[in-house]
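Below is one structure, written out as structure tokens, with a few remarks after it.
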Amino acid sequence: MPHEPLPEGARIGILGGGQLGRMLALAAARLGMRAHVFEPAADPCAGQVVERVTRAAYDDRAALEAFAASVDVATYEFENVPLAA
Numbered sequence: 003m004p005h006e007p008l009p010e011g012a013r014i015g016i017l018g019g020g021q022l023g024r025m026l027a028l029a030a031a032r033l034g035m036r037a038h039v040f041e042p043a044a045d046p047c048a049g050q051v052v053e054r055v056t057r058a059a060y061d062d063r064a065a066l067e068a069f070a071a072s073v074d075v076a077t078y079e080f081e082n083v084p085l086a087a
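For the sequence shown, the numbering used here gives the first residue as 3, with consecutive numbering after it.
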């Protein structure tokens with residue numbers, strides 16, 4: 003099934019705010035996209051370079067739903083995001 007590329011200005015949601023999230027956000031910015039990070043820790047590394055950070059636990063369903071509704075596509079940046087998220 004073919005997929006269209008994300009348009010310029012699209013918002014990418016990243017679960018996890020570490021170094022990989024930071025690199026992903028910087029690469030997305032070079033393509034004209036914006037990034038929103040979901041991270042439970044205070045002051046995540048990726049938080050310095052993204053448009054928006056949601057600070058909440060990965061099992062906070064309401065926060066996850068609001069995060070998902072605010073982005074065009076979501077991915078995770080590390081393998082320890084709980085399956086329920």
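No residue lacks a Cβ here, since even glycine has one placed at the ideal position from N, Cα and C. None of the values given here were measured: they were computed from a predicted structure.
Next on the checklist: Please report the straight-line C-alpha distance between Q21 and T56, rounded to a whole angstrom.
Outcome noted: 17 angstroms
Next on the checklist: Taking the alpha-carbon of A2 as reference, which of G15, Q50, A65 and Y60 has the nearest alpha-carbon?
Outcome noted: Residue 2 falls outside the range modelled here, since the chain spans only 3 to 87, and no answer is possible.
Checklist entry - Which residues mark the beginning and the end of the beta strand (DSSP E) in which F80 is found? => result First-last for F80: undefined, no H or E at that position.
Checklist entry - CA-CA distance, I14 and A37? => result 5 angstroms
Checklist entry - Can the beta-carbon of G19 be found less than 9 angstroms from the beta-carbon of A48? => result yes
Item to check | Limits of the unbroken beta strand (DSSP E) element including L17 | outcome: R13 to L17
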